[in-house]
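Chains as they are written, first to last, in the working numbering: chain H, 1 to 363; chain L, 1 to 80.
Backbone N, C-alpha and C define an ideal beta-carbon position, used for all residues, glycine too.
Keep in mind it's a predicted model, so treat the numbers as computed, not measured.
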């Protein structure tokens with residue numbers, strides 16, 4: 001099955017059985033493709049005594065810990081075909097994942113992302129406010145996850161401005177002029193959760209005290225990147241929604257879950273505050289003790305599968321995030337597929353042991 | 001300026017290239033036409049022809065020649 005065929009299917013239209021069939025067929029194909037074209041991946045499968053022909057369901061496929069992309073240069077294409085290398089966000093000195101993209105995989109990522117996001121914003125493009133600074137996308141050959149996120153979502157923007165300058169200060173006058181110019185129109189806002197809180201929300205609160213109010217009631221905000229820092233400030237998701245609404249009237253707010261290792265397949269938060277898996281990807285919650293599949297309501301480690309990656313063996317990965325499956329095919333928002341929530345990152349020590357020892361074996 | 005001149009100029013300005021590089025030019029052929037450069041090109045074309053392109057067409061816009069086909073569609077009506 002080609003990706004062209006898959007991407008033409010409506011993102012939340014398949015029931016559990018239909019989706020399992022589609023994912024199994026495509027992910028088995030990808031496993032074979034990477035086994036043939038990536039020696040390190042083939043070695044990993046061999047060391048696991050894995051036989052792809054015995055696979056009944058995509059749930060039987062092995063998963064690589066995301067850390068392996070920090071340890072090894074995993075790719076299934078010749079060096080000359082790499083057009084872009086994406087890196088995960090990491091603090092200085094920390095190893096980052098390197099994800100190698102060719103034309104095809106890169107374009108499929110963008111197509112998929114557009115299909116998913118359009119289900120929430122409509123396919124029309126809107127004036128866009130990027131709640132970040134322009135310097136993030138300056139280095140074009142090596143995209144950070146942050147730059148890639150901004151660029152990927154930029155396709156929904158007709159006219160765009162960056163709300164922050166390179167010192168992360170709010171461009172008050174520009175923002176004011178932009179909102180006046182597009183008054184009455186739907187405005188698309190995009191940014192990363194913590195930056196929005198720290199450099200946008202807090203500044204709007206300060207300005208409001210001075211009598212300067214921005215009206216974003218026509219806005220739709222998509223944000224991602226994790227809650228870790230806000231949790232440490234004791235800001236819950238409900239607080240985030242409520243307080244943004246209070247300060248600027250913004251009501252349509254969607255979080256998303258995604259990672260640079262599987263760009264394109266993002267998990268969008270619906271109107272019922274649930275993260276949703278589209279037909280292009282899935283989450284499987286794994287019991288940390290024996291990696292068996294957890295049932296609804298049980299907390300475990302999140303495995304993600306994606307039908308996109310052809311240039312690198314990242315179609316089945318074990319994340320370092322912990323989450324809970326809330327249900328499947330029956331979210332009140334009407335979308336099919338699994339819906340879930342993220343509890344946060346695993347404690348470093350718990351996963352480092354098994355991931356590092358695992359990676360070391362294949363050097 | 002004719003439509004062709006405007007179309008060419010958008011490429012030349014966005015990617016800092018010369019007219020003789022245009023024929024056969026494809027997305028990702030040159031470093032300037034990467035995903036960031038692509039959005040810059042789209043903005044330049046939208047300004048030049050006063051149109052707003054659909055997300056699908058932005059994704060399909062994979063070469064100098066393909067772009068002409070897309071702009072000629074009824075949605076935009078820009079014959080080049």
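query, result
"Per DSSP, what are the beta-bridge partners of residue 319 of chain H in this structure?", "According to DSSP, residue 319 of chain H bridges with nothing at all."
"How long is the line joining the alpha carbons of residue 342 of chain H and residue 284 of chain H, rounded to whole angstroms?", "12 Å"
"For residue 14 of chain L and chain H, any beta-carbon pair shorter than 8 Å?", "no"
"Can you tell me whether DSSP reads residue 345 of chain H as helix, strand or coil?", "strand"
"Can you check which of these residues, H:303, H:12, H:131, is closest to residue 117 of chain H by C-alpha distance?", "H:12"
"For residue 167 of chain H, count neighbouring C-beta atoms within 10 Å of its own C-beta (all shown protein chains included) and say buried if the count is 16 or more, exposed if not.", "exposed"
"Count the other CB atoms within 10 Å of the CB of residue 124 of chain H; is the residue buried (16 or more) or exposed (fewer)?", "exposed"
"At what residues does the alpha helix (DSSP H) containing residue 217 of chain H begin and finish?", "Where residue 217 of chain H is concerned, there is no enclosing alpha helix (DSSP H), given that its DSSP letter is neither H nor E."
"Spatial neighbours of residue 33 of chain L within its chain, please: C-beta separation below 6 Å, excluding the five flanking residues on both sides.", "15, 27"
"Strictly under 8 Å for the Cβ-Cβ distance: is residue 220 of chain H near chain C by that measure?", "In the structure shown, chain C cannot be found, because the protein chains are H and L."
"Please compile the residues from chain H whose C-beta is within a distance smaller than 7 Å of the C-beta of residue 54 of chain L.", "123"
"According to a CB-to-CB cut-off of less than 7 Å, which residues of the segment 24-54 of chain L neighbour chain H?", "28, 34, 35, 36, 39, 52, 54"
"If I measure Cβ to Cβ from residue 174 of chain H and keep anything under 7 Å in the same chain, skipping five residues before and after, which residues do I get?", "161"
"Does DSSP put residue 158 of chain H in a helix, in a strand, or in coil?", "strand"
"Examine chain H for any beta-carbon lying closer than 8 Å to the beta-carbon of residue 17 of chain L, and answer yes or no.", "no"
"Would residue 230 of chain H and residue 192 of chain H qualify as a contact pair, given that the criterion is a beta-carbon distance under 8 Å?", "no"
"Whole angstroms are fine: how far does the CA of residue 10 of chain H sit from the CA of residue 20 of chain H?", "15 Å"
"Taking 8 Å as the threshold (C-beta atoms), are residue 214 of chain H and residue 190 of chain H in contact?", "no"
"At least one CB of chain L closer than 8 Å to the CB of residue 285 of chain H: is that the case?", "no"
"What are the partner residues of residue 258 of chain H, as DSSP defines its beta bridges?", "Beta-bridge pairing links residue 258 of chain H to no other residue."
"Mapping DSSP to helix, strand and coil, what is residue 73 of chain H?", "coil"
"Near residue 149 of chain H, which residues of its chain fall below 6 Å by C-beta distance, leaving aside the five closest residues on each side in sequence?", "none"
"Can you pull the chain L neighbours of residue 156 of chain H, defined as C-beta to C-beta under 8 Å?", "55"
"By Cβ distance, which residues of its chain are closer than 8 Å to residue 232 of chain H, with the 5 residues on each side in sequence left out?", "none"
"Report the neighbours of residue 59 of chain L on chain H: residues whose CB is nearer than 9 Å to its CB, in chain order.", "107, 110, 111, 114, 155"
"For residue 367 of chain H, write down the residues that DSSP places opposite it in a beta bridge.", "Examination of residue 367 of chain H is not possible in this model, given that chain H is present from 1 through 363 alone."
"Can you round the beta-carbon distance between residue 301 of chain H and residue 286 of chain H to whole angstroms, since I take them to be within the 8 Å contact cut?", "5 Å"
"Taking the DSSP output, what are the residues bridged to residue 286 of chain H?", "H:293, H:301"
"Out of curiosity, what's the CA-to-CA distance linking residue 30 of chain H and residue 315 of chain H?", "7 Å"
"Would the C-beta of residue 15 of chain L count as close to the ligand NAD, meaning under 7 Å from any of its heavy atoms?", "As far as ligands go, the structure on display features none, and thus does not contain the ligand NAD."
"At 4 residues or longer, what runs of the alpha helix (DSSP H) sit wholly inside the segment 4-85 of chain H?", "16-37, 39-47, 68-71"
"Residue 118 of chain H touches chain L at which residues, Cβ-Cβ below 9 Å?", "55"
"Bridge partners of residue 236 of chain H, per DSSP?", "Looking at the DSSP assignment, residue 236 of chain H forms no beta bridge with any residue, so it has no partner."
"Which residue comes first and which comes last in the alpha helix (DSSP H) that contains residue 89 of chain L?", "In this structure chain L extends from 1 to 80, so residue 89 of chain L is not present and cannot be described."
"When you compare each of H:333, H:304, H:338 to residue 119 of chain H by their alpha carbons, which one comes out closest?", "H:333"
"As a quick exercise: from H:247, H:171, H:54, H:34, pick the residue whose alpha carbon is nearest that of residue 211 of chain H.", "H:247"
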